[in-house]
Amino acid sequence: MEAIRGIERERLERVARMYSSNDLASKALGITARSFSRLCRKHGIETPYCRKRRH
Numbered sequence: 688m689e690a691i692r693g694i695e696r697e698r699l700e701r702v703a704r705m706y707s708s709n710d711l712a713s714k715a716l717g718i719t720a721r722s723f724s725r726l727c728r729k730h731g732i733e734t735p736y737c738r739k740r741r742h
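For the sequence shown, the working numbering gives the first residue as 688, with consecutive numbering after it.
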């Protein structure tokens, strides 16, 4: 189960860096923007939305 979580985290991190919005990132993963945000929060990953607000 830990291996699956690690893969999930790696994939979320990669997509969060690649796209400029949560909407685009979530579409690339085939999930809703809400699910993307929730999963990023669960794994401690900064979302594109948060990154934009910080700069």
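All C-beta atoms in this analysis are idealised placements derived from N, C-alpha and C, irrespective of residue type, glycine included.
Of the residues 702, 732, 737 and 724, the one placed nearest residue 715, counting alpha carbons only: Here residue 715 is taken as the residue at index 28 of the sequence shown, counted from 1. Closest by alpha carbon: 702.
Length of the line joining the Cα atoms of residue 734 and residue 694: The count along the sequence shown starts at 1 and reaches residue 734 at position 47. The count along the sequence shown starts at 1 and reaches residue 694 at position 7. If you take the alpha carbons of residue 734 and residue 694, they lie about 17 Å apart.
Cβ-based burial, residue 708 [other Cβ within 10 Å; buried from 16]: Within the sequence shown, the letter at position 21 stands for residue 708. Its Cβ having fewer than 16 others within 10 Å, residue 708 is exposed.
Segment limits, alpha helix (DSSP H) that includes residue 688: Counting from 1 along the sequence shown, the entry for residue 688 is found at position 1. Looking at the DSSP string, residue 688 is not in any alpha helix (DSSP H), and its letter there is neither H nor E.
Among 700, 740 and 706, the one whose alpha carbon lies nearest that of residue 726: Start at 1 with the first residue of the sequence shown, and residue 726 comes out as number 39. With distances taken between Cα atoms, residue 726 lies closest to 700.
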